[in-house]
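Working notes, structure below.
Numbering (my numbering), first residue to last: 1386 to 1630.
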């Protein structure tokens, strides 16, 4: 019999799965068209700088996890693990909000610095969450799983549905990963991420109002990533039989 906590977790997981798999709405399509229009006004050198930063940091995820990852948590019930995860999310929410406020106050120059800093915080949060659920990111397949969670959180609704289907069948998909991790398709990840956050982050580049906007936006982006990560690992626990239904 599932515990009361597991019953609540399954309810939350089903709701999240429904939201992730739903068809793109009119407003999703409108937001995407708006994003395309806004992107056309942003100097190409800014786009190239952001893309180059994403490329290097994503490669850092694949190659450098052994230097910053925590030891996986062993022999702990789900409720204890998720209490730890919520504490981690809260810590990174506060750190991201503080960082967004500082860089937002500096206008366009410090605002551009916000992109790599925020990305670093979010990737480190994913490492910590993976360890709390008992997974060792020294295994590069686990790092690829984290990148798919990242992709799931920060993509258009149509792309999100495609990534979800991949994660829902992860035990099969991970066996099909190429041995050469350079073959990982990080290009679509960085493009989706950049397009997803551009609309929210461009206002942060405006002096004076950039500080409060940066703090709020960063806080919400970390919240969204934390929710996606928790439910992705809940789904994985369920498929592996660790979570009673």
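Quick reminder that beta carbons are idealized off the backbone N, C-alpha and C, glycines included.
- The beta-carbon distance between residue 1517 and residue 1458, rounded to whole angstroms, is 5 Å. This is short enough to meet the 8 Å contact definition.
- DSSP places residue 1542 in the uninterrupted alpha helix (DSSP H) bounded by 1542-1553.
- Distance between residue 1434 and residue 1401, taken at the CA atoms: about 34 Å.
- A Cβ-Cβ separation of about 6 Å places residue 1480 in contact with residue 1506 under the 8 Å criterion.
- Within its own chain, no residue has a Cβ closer than 6 Å to the Cβ of residue 1535 once the five positions on either side in sequence are excluded.
- For the pair of segments examined, the region 1386-1395 was found not to touch the region 1525-1532: the number of CB pairs separated by less than 8 Å stays below three.
- In this structure, the straight-line span from the alpha carbon of residue 1467 to that of residue 1441 is close to 31 Å.
- Counting other Cβ atoms within 10 Å of its Cβ, residue 1626 stays below 16 and is therefore classed as exposed.
- In the three-state reduction of the DSSP assignment, residue 1388 falls in the coil class.
- Cβ atoms of residue 1513 and residue 1473 come within 8 Å of each other, at about 5 Å.
- Annotated three-state conformation of residue 1505 is helix, per DSSP.
- Taking 8 Å as the cut-off, the beta carbon of residue 1394 is found no closer than this to the beta carbon of residue 1552.
- In this structure, the alpha-carbon of residue 1578 lies about 33 Å from that of residue 1461.
- Looking at the backbone, the Cα of residue 1532 and that of residue 1386 are separated by about 33 Å.
- A distance below 8 Å separates the beta carbons of residue 1540 and residue 1548.
- Using a Cβ distance threshold of 8 Å, residue 1603 and residue 1482 count as a contacting pair.
- If the five residues before and after residue 1545 are omitted, its C-beta is found closer than 7 Å to the C-beta atoms of 1405, 1537, all from its own chain and listed in chain order.
- When secondary structure is reduced to three states using DSSP, residue 1532 falls in the helix class.
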